[in-house]
Every structure is written in structure tokens, then in C-alpha cells.
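Asker: Provided herewith is a single structure, encoded as C-alpha cells, for subsequent inquiry.
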Amino acid sequence: MAPLRFSANVSWLFPELPGLPARLRAAGSSGFEAAEVAWPYSESPEALARAAREAGLRLVLINTPPGDREKGEMGLGAVPGRQAAFREGLEQAVLYAKALGCPRIHLMAGRVPQGADRAAVRSEMETVFLENLRHAAGVLAQESLVGLLEPINTRSTDPQYFLDTPQQAAAILQKVGRPNLQLQMDIFHWQIMDGNLTGNIREFLPLVGHVQVAQVPGRGEPDSPGELNFPYLFQLLEDEGYKGFVGCEYQPQGDTAEGLNWLRSYWGRRGRPQAGQ
Numbered sequence: 001m002a003p004l005r006f007s008a009n010v011s012w013l014f015p016e017l018p019g020l021p022a023r024l025r026a027a028g029s030s031g032f033e034a035a036e037v038a039w040p041y042s043e044s045p046e047a048l049a050r051a052a053r054e055a056g057l058r059l060v061l062i063n064t065p066p067g068d069r070e071k072g073e074m075g076l077g078a079v080p081g082r083q084a085a086f087r088e089g090l091e092q093a094v095l096y097a098k099a100l101g102c103p104r105i106h107l108m109a110g111r112v113p114q115g116a117d118r119a120a121v122r123s124e125m126e127t128v129f130l131e132n133l134r135h136a137a138g139v140l141a142q143e144s145l146v147g148l149l150e151p152i153n154t155r156s157t158d159p160q161y162f163l164d165t166p167q168q169a170a171a172i173l174q175k176v177g178r179p180n181l182q183l184q185m186d187i188f189h190w191q192i193m194d195g196n197l198t199g200n201i202r203e204f205l206p207l208v209g210h211v212q213v214a215q216v217p218g219r220g221e222p223d224s225p226g227e228l229n230f231p232y233l234f235q236l237l238e239d240e241g242y243k244g245f246v247g248c249e250y251q252p253q254g255d256t257a258e259g260l261n262w263l264r265s266y267w268g269r270r271g272r273p274q275a276g277q
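Everything in the sequence shown is counted per full-length UniProt numbering, starting at 1 for the first residue and increasing by one.
If you want it as C-alpha cells, here you go:
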């Protein structure tokens with residue numbers, strides 16, 4: 001069983017540092033081999049690629065653009081009437097992914113429109129999402145890229161988000177039926193929505209292309225106080241043969257580098273994957 005590979009989500013980690021290039025440098029200095037960033041679009045792809053290269057990092061995940069944040073948008077994939085904007089954002093994300101050598105793009109589903117009843121619009125939103133995902137799968141396949149669907153919990157993080165359980169995401173993936181679309185498993189969201197992590201990980205891991213971690217309920221480091229036993233979960237992922245990256249998408253409880261003792265401890269026990277694994 002190979003040790004897990006971890007990536008630093010620099011949209012969350014090193015918040016004490018201004019700008020993504022500085023955070024990438026800090027991630028490299030902290031021992032990470034990979035990084036991910038939610039929205040890289042405030043920087044030029046060339047500048048980010050250079051910063052990652054200088055830090056000795058590879059970029060493994062970005063998101064599609066969120067849409068109009070001032071109007072409350074958080075992704076556009078399932079939002080009726082925003083199909084053209086989703087496709088424009090997808091093209092921008094592909095441009096960045098190619099420049100960054102990043103193989104995965106999280107295709108954000110988006111929120112139930114303000115004032116709409118979730119149950120009433122569910123069918124229409126799923127139809128829009130399926131249409132957009134089929135289009136995205138074709139675009140991504142031309143560039144050998146993978147698209148990811150991430151359920152986000154609607155109990156605490158984003159009550160309006162359309163895609164909120166692994167069961168819903170898996171059913172949509174089955175309907176689309178494209179091999180370059182996979183599931184993004186954020187253990188924080190899965191625990192809040194459904195619990196049953198052992199069963200859900202075993203059931204859905206064959207569909208998973210990326211994992212993210214944070215403690216529950218505070219969304220801090222894996223070794224911060226909370227209800228999740230991360231040594232057990234990491235061992236479970238190893239035992240189940242997970243080969244992808246585990247993204248560190250959490251809110252540091254203090255200085256980011258000082259809070260990485262949990263990761264240094266893991267590396268001390270399991271070693272670090274060899275380059276190229």
C-alpha cells in the first residue's frame with residue numbers, strides 16, 4: 001500500500017501571505033509536492049505556472065469560475081439560463097489548466113436560484129447540469145483533462161448549493177456516462193451531510209478522482225479537535241487503494257506551517273511517495 005500524496009490548497013492555506021505566488025512558494029518550502037487552487041483567475045496563467053515551477057510544485061486541481069459573486073453565484077453548471085456563461089468559464093478554465101499542466105477541473109454545479117424551492121427546480125437543474133456536463137466532457141477529452149463533481153454540504157456551508165450528497169453526484173455521473181468525469185470527495189462535506197464515512201468511501205471510491213480533508217465541525221487541520229479520526233481515514237484510503245491526491249482544504253487554526261505537524265507525522269510514519277508515483 002503506497003503512502004498517500006497530499007496537495008496544499010493555497011486558496012485556504014497560508015492566508016497570512018498575500019497572493020497565490022507567495023503561497024505556492026510557502027507550500028513548496030513546507031514539503032508539499034503538489035498544490036491546488038480554487039480560482040486562479042486573478043493571476044496570469046504564466047505567472048502562476050512560473051511560481052509553481054520555482055516552488056517545485058505541480059498543480060493538480062482548479063475550479064471553473066464561480067460566475068457573478070456579487071449576485072450570489074457559486075458555479076454555473078446546473079443553473080438554468082447560464083449555460084453560455086458556464087461554457088465561457090469552462091474555456092477559461094481549460095486555458096489555465098493547459099498552461100499550468102493541471103489535469104483536473106472541478107465543474108462547479110452552482111446554487112438553487114434565490115427564492116426558488118429546491119424540490120420544484122431539481123429536475124430542471126439536473127437537466128441543465130447533464131447538458132453542460134456532456135458538453136464539458138467533450139471539451140475536456142480533447143485536452144486529456146478530467147472534470148470533477150463535488151457535493152458541498154447544505155447544512156452549514158452553502159444551504160443553496162445544488163449538489164450536496166455523494167449519492168446525488170454518483171447518480172448524475174452514471175447518467176452522463178463519460179469516463180473523464182469523476183467524483184470529488186471532500187470528507188468534511190460528506191461527514192456533515194451523511195456520516196457513514198467508511199461505507200461511503202468504500203462504495204464511491206471507484207468514482208473518486210480527488211479527495212479533500214478538513215476536521216469537523218471547525219474545518220481546521222486534521223489533528224485539530226473534532227469528530228473525525230484521520231489516522232483511521234488515511235489508513236482506509238490506503239487500504240482501499242486510493243492513488244490520487246488528498247487536498248488540504250482547511251482553515252489553519254494558526255500559522256499554516258506550524259500547523260502541519262499532522263502531515264509531518266504522517267510522512268514520518270509512512271514516508272513520502274517517490275516522484276512520479
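From the three backbone atoms N, C-alpha and C, an ideal C-beta is built for every residue, glycine too.
Quick test of your reading: Y219 and Y250, contact by CB under 8 Å. State the CB separation rounded to the nearest angstrom.
Answerer: One detail in the question is off: residue 219 reads as Arg in this sequence, not Tyr. That belief holds up - the Cβ atoms of R219 and Y250 are roughly 6 Å apart, short of 8 Å.
Asker: Considering only residues of the segment 38-67, which uninterrupted beta strand (DSSP E) runs meet the minimum length of 3 residues and lie entirely inside it, listed in chain order?
Answerer: 58-63
Asker: Classify V79 as helix, strand or coil using the three-state DSSP reduction.
Answerer: In the displayed model, V79 falls within coil according to three-state DSSP, outside both helix and strand.
Asker: Taking all protein chains shown into account, decide if G244 is buried (16 or more other Cβ within 10 angstroms of its Cβ) or exposed.
Answerer: buried
Asker: DSSP three-state label for E258, please.
Answerer: If DSSP states are grouped into helix, strand and coil, E258 belongs with the helices.
Asker: Considering Q182, what are the terminal residues of the alpha helix (DSSP H) in which it resides?
Answerer: No alpha helix (DSSP H) holds Q182; the beta strand (DSSP E) holding it covers L181 to D186.
Asker: Entirely within the segment 80-134 and at least 3 residues each: give me those beta strand (DSSP E) ranges in chain order.
Answerer: 104-106
Asker: Would you mind working out which of E43, A99, L13 and R134 sits nearest Q174, comparing C-alpha positions?
Answerer: R134
Asker: Once the 5 residues before and after P159 are set aside, which same chain residues still bring their CB inside 8 Å of it?
Answerer: Nothing meets the Cβ criterion.
Asker: Whose C-beta lies closer than 8 Å to the C-beta of Q114 among residues of the same chain, with five residues either side of it excluded?
Answerer: Excluding residues within five positions, the ones whose Cβ falls inside 8 Å are G72 and Q160.
Asker: CB T180 to CB A141, shorter than 8 Å?
Answerer: It should be noted that the sequence gives Asn, not Thr, for residue 180. Yes, the pair counts as a contact, with Cβ atoms nearer than the cut-off.
Asker: Quick one: using the 10 Å Cβ neighbour count with 16 as the cut-off for buried, is N261 buried or exposed?
Answerer: exposed
Asker: Would you mind sorting S123 into buried or exposed? The rule is 16 or more other CB atoms within 10 Å of its CB.
Answerer: exposed
Asker: So what does DSSP say about N200, is it helix, strand or coil?
Answerer: Reduced to three states, the DSSP call for N200 is helix.
Asker: My output table needs one value for Y250: the three-state DSSP class, helix, strand or coil.
Answerer: coil
Asker: Going by Cα to Cα distance, which pick from P18, E143 and Q253 is closest to E91?
Answerer: E143
Asker: Would you call Y232 buried or exposed, if buried means 16 or more other Cβ atoms sit within 10 Å of its Cβ?
Answerer: When all chains shown are included, Y232 counts as exposed.
Asker: Near L148, what residues of its chain come up, given a Cβ to Cβ distance below 8 Å and the 5 sequence neighbours on each side ignored?
Answerer: L61, R104, I105, H106, L107, L181, Q182, L183, Q184, G209 and H210
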